[in-house]
Amino acid sequence: MEKQMFTDRFASVFGTESFFKKQKRIALKNCGLIDPENINDYIYADGYKALGTVLTKMTPKDVVETVKASGLRGRGGAGFPTGRKWELTAQQESDEKFVVCNADEGDPGAFMDRSVVEGDPHTVIEGMAIGGYAIGSSKGVVYIRAEYPLAIKRLIKAIDDARKENFLGKNILGSNFSFDIEIRYGAGAFVCGEETALIRSIEGLRGMPKSRPPFPAAKGLFGKPTLVNNVETWANISSIIVNGVDWFSSIGIDKSKGTKVFALAGKIVNTGLAEVPMGMTLREIIYDVGGGIPNGKKFKAVQTGGPSGGCLTDKMLDTKIDYESLMQAGSIMGSGGMIVIDEDSCMVNIAKFFLQFTQDESCGKCIPCREGTKRMLEILTRITDGEGKPGDIEKLEELGNVIKKASLCGLGQSAPNPVLSTIKNFREEYEEHVYQKKCRAVVCEKLITYTINDKCIGCSACRRACPVVAIKGAPKEAHSIQQELCIKCGKCFRSCKFHAIDKTSEAKEQK
Amino acid sequence: MHTTLHHNQQEINNQLKIFIDEIKKRERSDSHLITILHKAQELNGYLSKEIMDLVAEEMQIPTSVIWGVATFYHYFKLSPIGKYNISVCMGTACYVKGASEVLETIKETLEIEIGETTEDMMFSLQEARCIGACGLAPVAMINDKIYGELNPKKIVDIINKLKEEALEEEKIVQ
Chain A
46 MEKQMFTDRF ASVFGTESFF KKQKRIALKN CGLIDPENIN DYIYADGYKA
96 LGTVLTKMTP KDVVETVKAS GLRGRGGAGF PTGRKWELTA QQESDEKFVV
146 CNADEGDPGA FMDRSVVEGD PHTVIEGMAI GGYAIGSSKG VVYIRAEYPL
196 AIKRLIKAID DARKENFLGK NILGSNFSFD IEIRYGAGAF VCGEETALIR
246 SIEGLRGMPK SRPPFPAAKG LFGKPTLVNN VETWANISSI IVNGVDWFSS
296 IGIDKSKGTK VFALAGKIVN TGLAEVPMGM TLREIIYDVG GGIPNGKKFK
346 AVQTGGPSGG CLTDKMLDTK IDYESLMQAG SIMGSGGMIV IDEDSCMVNI
396 AKFFLQFTQD ESCGKCIPCR EGTKRMLEIL TRITDGEGKP GDIEKLEELG
446 NVIKKASLCG LGQSAPNPVL STIKNFREEY EEHVYQKKCR AVVCEKLITY
496 TINDKCIGCS ACRRACPVVA IKGAPKEAHS IQQELCIKCG KCFRSCKFHA
546 IDKTSEAKEQ K
Chain B
88 MHTTLHHNQQ EINNQLKIFI DEIKKRERSD SHLITILHKA QELNGYLSKE
138 IMDLVAEEMQ IPTSVIWGVA TFYHYFKLSP IGKYNISVCM GTACYVKGAS
188 EVLETIKETL EIEIGETTED MMFSLQEARC IGACGLAPVA MINDKIYGEL
238 NPKKIVDIIN KLKEEALEEE KIVQ
C-alpha cells in the first residue's frame, strides 16, 4: 500500500516519460521524492529498517555474507567485489577500525555522488552504520569535496538528526553497537579519489597514493584496518538488506548485479542522472533514456569512465553496460560519467583535454605518470597545433602502454586510456592532423582557416578585434582576411554578429 | 583605512586561533590540518604567508609541511582574489558544449588570464574542475552562485551586471 503510494508519487513527480520508464532506481530510490532534510521522510520510506534488522536479527558475519552473496561491486570505478572487501576488513584483529565513505567525486562529468548525498543523505549514513557493524568498527568518516556546499550542509544535518534518533551514537537502538560519523573535506585533488591517497588526505597530508599491499583493509587510516567504499556503493546497502539477496541479484546480469547510475551529459537531449540495470546496452541508454543527439547532429562517440576511461564508437553501441563488457570494448565503467560526443567535436582535441586534466592532477610521486603524461601531452599539443611529425602517433601508443604498466596508482595506470582508445577507434583523425594538417571537426584552432563570406556588411567589428591587423576593408564594404598575417586567434569570429566569418579546415599540401 | 585593515587582520587571526584551539582538543588533531586551512581561507579570502605561519605556530607543525599541503590542493588560493571570483567549469560536459569559448570571452572582456585578478580587485578568473552541474553545461560559478547554459554573450551580460551592482553598492557606501 505504502509502496504503491510511493510509485504513484514517483510518477506524479517525474512523469512517465521514457527517460524514467527504463530506469530502475536503487541508489537514487529516494532522490527527489523525500525531503532530504527531514529524517521522518526517510524513515517513512523504509529508512533505517535495514539497520534495525541487522542489529536485532543478524550477526556481523551474516551481514558480510549477505553483501557477498548479493554480488554488489564497488561503484567508484574499479568494480572490486564489495562483500570481499568487507570480509577482508572484518577478518583483521585490531583495537580500532574505520569505515570511510569516498565522496570525493572528482571525475569531470559525473555527479551521482553529489545527488545522492544532497537528495538522500540518510541512506549513506545507514549504509555506513551497517558496514561498521559488519566489520567491527565504531568510527566512520565521510571524505567529501569542499566544492559541494549543499551536500555538506545536508549531510551535517542528517548526521545530527540521526544522532538524536539514536541511529548513530552510543548503543544504537538499544544494542551493544556504537557508531559515529565525522566529516572531512577534500580540497580539489583528483588523485584523492584513489583510496590510499584519500586516506593520506584525511590524515591531513598531501594526498599521494601508496603502493599496495598493504591494502587499506589491513593498514589504512592511521595505520588501522579501514573499509573504503564509494557513496553509491553505500547507497545500495540498505536496499539489499531490506529486500534480500535474491531480489538484488535478480537485477543486472551475470557478473555485474544491480544497477549503475550514469551521469548523461554532453550532446544528448536528456541530460541528468539515469540509474539503469546493469546489462542495458549503450544504445538503449543513449537513445531511449537519453533521447538521442539534439539538433539533428550525428553521433560520433561516447566517453565513459571520465579521464580514466575511453571513447567508444557507433559500432560499439550494442555493448552491454557492465564492468567486463566495457573493459573489453576498450573503456571502463568508472564512476559513471557518460559524455556523448557529436560530429562537432575533434577526437584528438578530446584526448588532449583529458590528458591535460590527468597531467595536471598527477601527484608527481612516480615517474611514469609525472613525466610520461607530460611528454604525451607535448606530442598531442604538437599534433593539434599542426606541427605533428610522422611517428608521433606510434610514439603516443608506446608511451601510453609504458605509463599504464609502470605507474603506481590507478590515476597513472589509466591516464593514457583516452588517448589510446581514440587512437584505436579514430586513427584516421589523428593521421589527418599529422599528415594533412586538417581537423575535420574544425576545432583545433591552428588548423583552421578563417574567411569572410558575402554576409559581411562592413561593420568593421572584426577589423577592430584583430590583434595583428590582418583584416582589411573600408567601412560598409566587404572585408577580407590576409591569410599570411592571420594568427588564427578566432577573435574576428567571436566579434562578428552577422555570421559572416567561416571557419574551415582543409587538407593542406605537404611541403 | 590602514588601521581598519590592521584591525580586521587581528580579528581574523583571533577567530582562527579560537577555531584551532577547539580542534586541538580533538583526538589526532594534526590530521585536521586541511579543515583548518579551509577555515583560514574562508576567513582571510586566501592563504597568505602570514596566515600559514600562524597555523604553523598554533599547531606546532613546520611551515614547510603546511606549505606542502596548501600547494598540493587546487582549492587553496595563495594570492588574494577579487570581489567576484569567476570559476569557469572545464569539466568534460562543459568542455564539449563550448566552455573554452566562454573562458576566452571572459579573458578578452576582463583582460586577465586564468589565476589572475583585475587591477581594481573586482574580478578573479579560475578554471574549475567539474562542479557537478553537468546538466546545465556550460556553467560558471561566481562566488557561490552557479550560472548555467552560458554562451559568450550571456557571460558578458553577467559581467556587466555585476559591474553595475558593484558601482551601486559603492554609491550607497559613499
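Residue numbers (our numbering), protein chains in the order written: chain A, 46 to 556; chain B, 88 to 261.
Positions of the beta carbon are idealized from the N, C-alpha and C atoms, including for glycine.
* Taking all protein chains shown into account, decide if A232(A) is buried (16 or more other Cβ within 10 angstroms of its Cβ) or exposed. => Buried: at least 16 other Cβ atoms inside 10 Å.
* Asked: Quick one: Cα of S353(A) to Cα of I193(B), how far?
  -> In a straight line, the C-alpha of S353(A) is about 30 Å away from that of I193(B).
* Asked: Any idea if S151(B) is buried or exposed, counting beta-carbon neighbours within 10 angstroms, 16 or more meaning buried?
  -> exposed
* Would you mind telling me which residues of chain B sit closer than 9 Å to Q404(A), beta carbon to beta carbon, in chain order? => None at all; the shortest Cβ gap to chain B is about 14 Å.
* What do you reckon, are the CB atoms on C146(A) and G185(A) nearer than 8 Å? -> Here C146(A) is near G185(A), since their CB atoms are less than 8 Å apart.
* To do: With a cut-off of 8 Å on the beta carbons, I'd call S376(A) and G355(A) a contact; round off their distance for me.
  => 4 Å
* Asked: How about E255(B): is its C-beta nearer than 8 Å to some C-beta of chain A?
  -> no
* In terms of residue numbering, what span does the alpha helix (DSSP H) encompassing R229(A) cover? -> Not the alpha helix (DSSP H): R229(A) falls in the beta strand (DSSP E), residues D225 to Y230.
* With 16 other CB atoms within 10 Å as the buried threshold, where does H89(B) fall? -> Confidence at H89(B) is low in this model, with a pLDDT of 39, below 50, so the placement of that residue should be treated as unreliable; the coordinate-derived value is given next. Exposed, by the Cβ-count rule.
* **With 16 other Cβ atoms within 10 Å as the buried cut-off, status of N216(A)** => Burial call: exposed.
* Outcome for P461(A) when other beta-carbon atoms lying within 10 angstroms are tallied against a minimum of 16 -> buried
* To do: Check D499(A) in the structure and name its three-state DSSP category.
  => coil
* Asked: When the Cα of G172(A) is compared with those of D367(A), A114(A), G92(A) and D206(A), which residue comes out closest?
  -> G92(A)
* Own chain residues within Cβ distance below 6 Å of V144(A), not counting five before or after -> If we look at V144(A) and ignore the five residues flanking it on each side, its Cβ neighbours are M173, G176, G177, S182, G185 and L272.
* Is it the case that the Cβ atoms of C507(A) and S550(A) are separated by a distance below 8 Å? -> no
* Asked: Mind pulling the beta strand (DSSP E) runs of 3 or more residues that sit fully within the region 178–236 of chain B?
  -> 210–215, 227–229 and 232–234
* **Spatial distance of E406(A) from T429(A) (CA atoms)** => 21 Å
* How about I79(A) and S284(A): do their beta carbons lie closer than 8 Å? -> no
* To do: Look up D80(A) in the DSSP assignment and say whether it is helix, strand or coil.
  => D80(A) falls in the coil class under three-state DSSP.
* Excluding five sequence neighbours on each side, which residues of the same chain lie with their C-beta closer than 8 Å to the C-beta of D165(A)? -> Same-chain partners within the cutoff: L73, K74, N75, C76, I79, P81, Y87 and A280.
* To do: Examine chain B for any beta-carbon lying closer than 8 Å to the beta-carbon of P194(A), and answer yes or no.
  => yes
* Any chance you could list the alpha helix (DSSP H) runs of at least 4 consecutive residues sitting entirely within the region 93–168 of chain B, in chain order? => 120–131, 136–146 and 150–159
* To do: List the whole-angstrom C-beta distance separating V112(A) from W131(A), where the pair is believed to meet the contact cut-off of C-beta under 8 Å.
  => 6 Å
* Measuring CB to CB, does G222(B) end up less than 8 Å from T494(A)? -> no
* Asked: From E47(A) to A90(A), what does the alpha carbon distance come to, in whole angstroms?
  -> At E47(A), the pLDDT of 49 sits below 50, so the modelled position is not reliable; the number obtained from the coordinates is stated separately. Distance between the alpha carbons of E47(A) and A90(A) is about 8 Å.
* Asked: Do you know whose CA, among A135(A), R420(A), R328(A) and K305(A), lies nearest N275(A)'s CA?
  -> Answer by Cα proximity: K305(A).
* Give the secondary structure of T104(A) by DSSP, where H, G and I count as helix, E and B as strand, and everything else as coil. => Residue state, collapsed to three classes: coil.
* From the DSSP output, read off the bridge partner residues of S174(B). => Per DSSP, Q213(B) and M228(B).
* Measuring only between beta-carbons, confirm whether E47(A) sits less than 8 Å from chain B. => Here E47(A) scores only 49 on pLDDT, less than 50, and its place in the model should not be relied on; the value that follows carries that caveat. By this cut-off, E47(A) is not an interface position.
* To do: Indicate whether at least one CB of chain A lies closer than 8 Å to the CB of S118(B).
  => yes
* **Any alpha helix (DSSP H) of 4 or more consecutive residues that is wholly inside the region 188–227 of chain A** => You should have 194–209.
* To do: Output yes if chain B places a C-beta closer than 8 Å to the C-beta of P153(A); else output no.
  => Closer than 8 Å to some Cβ of chain B, the Cβ of P153(A) qualifies, so yes.
* Taking the alpha carbon of N340(A) as the point to measure from, which residue in I313(A), N85(A), L200(A) and E248(A) has its own alpha carbon closest? -> Looking at the Cα atoms, I313(A) is the closest of the given residues.
* Is C237(A) helix, strand or coil when you go by DSSP? -> Here C237(A) sits in helix by DSSP.
* Give me the Cβ distance between V183(B) and G311(A), rounded to the nearest whole Å; I'm assuming they're in contact under 8 Å. => 5 Å
* To do: Starting from F210(B), find everything on chain A with Cβ-Cβ shorter than 8 Å and list it in chain order.
  => Within 8 Å Cβ-Cβ: nothing; F210(B) doesn't reach chain A, min ~19 Å.
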